[in-house]
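These notes concern the structure reproduced below.
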Amino acid sequence: MENTRREQFRRAVAVLTVSGIIGVLVLLIVYSKVVFNIGIVCPLHEIFKWECPGCGGTRMALALLEMDLYQAFRWNPFLFVTLPICGIIYVWQVISFIKDNKLWSKLDIFLISYAIALCMFGILRNIQLFSYLAPTVV
Numbered sequence: 024m025e026n027t028r029r030e031q032f033r034r035a036v037a038v039l040t041v042s043g044i045i046g047v048l049v050l051l052i053v054y055s056k057v058v059f060n061i062g063i064v065c066p067l068h069e070i071f072k073w074e075c076p077g078c079g080g081t082r083m084a085l086a087l088l089e090m091d092l093y094q095a096f097r098w099n100p101f102l103f104v105t106l107p108i109c110g111i112i113y114v115w116q117v118i119s120f121i122k123d124n125k126l127w128s129k130l131d132i133f134l135i136s137y138a139i140a141l142c143m144f145g146i147l148r149n150i151q152l153f154s155y156l157a158p159t160v161v
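Heads up, the sequence shown is in this note's numbering, so the first residue is 24 and it goes up one at a time.
Here it is, written out as C-alpha cells:
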C-alpha cells in the first residue's frame, strides 16, 4: 500500500513538473507578446508566405484573454475548437496515469488522427476556396 502511494506521488510530481514547465513557456510567449509586442515568427510564413496550422495561435490566446471569443475563433478556428477537447483528454490521462499508471489504449490513434486533421487544416487554409480559415482581423 505504501509503495503504491509512493509510486503515485512520484508519477504526480513528474507529470505536474512537465505540465508546469509547458504552462510557464506558454505564459512567457503570451506575456512577451502583450508586454514587449514580440511574437513567435513562423518560418513557414516568413519563407513561403503560407499560413501554418498554428498561425494565429498566439493572437487567439490574446483574444481569449480579452474574452473576445469571436476574434479568437477567427485567428485560428481549428485550435479554438480542438484545444479544449485536447485539454480535457490531457487532464483525464494525467489522472489515469497517476492513479493506475495506465494511459488510454486508443491515445496513439487519437494523436495520429489529430496530427492528420491539423495538417489538413494547414493545407486547406492556404487554398483560395478556404481562405476564410486564414487568420483574420474582425
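C-beta atoms are modelled at their ideal positions from N, C-alpha and C, and glycine is treated no differently.
Here the structure is a predicted model, which means the values were calculated and not measured.
Cut-off 8 Å between Cβ atoms - residues of its own chain near residue i, not counting five sequence neighbours on either side
i: GLU30; result: ASN124
Own chain, CB closer than 6 Å to residue i, minus 5 neighbours either side, in chain order
i: ARG9; result: Residue 9 cannot be examined here, being either before or after the span of the chain that is shown, 24 to 161.
i: ARG82; result: TRP98
i: GLY62; result: LYS56, THR81
Straight-line gap, residue i to residue j (C-alpha atoms, nearest Å)
i: SER128; j: LEU39; result: 22 Å
i: THR159; j: PHE32; result: 45 Å
i: PRO107; j: LYS72; result: 28 Å
i: LEU134; j: VAL57; result: 31 Å
i: ILE118; j: GLY46; result: 17 Å
i: GLN94; j: GLY77; result: 15 Å
i: ILE146; j: ARG28; result: 47 Å
i: LEU126; j: PHE120; result: 6 Å
Closest Cα partner of residue i within the set the options
i: PRO100; options: ILE111, GLU89, GLY79; result: GLY79
i: ASN60; options: LEU67, LEU85, GLU69; result: LEU85
i: VAL161; options: ASP91, GLY110, VAL36, PHE153; result: ASP91
Rounded Cβ spacing between residue i and residue j (contact assumed at less than 8 Å)
i: LEU130; j: GLN116; result: 7 Å
>> Can you confirm whether the region 45 to 55 touches the region 125 to 142 when touching is taken to mean that 3 or more C-beta pairs between the two stretches lie within less than 8 Å?
In response: no
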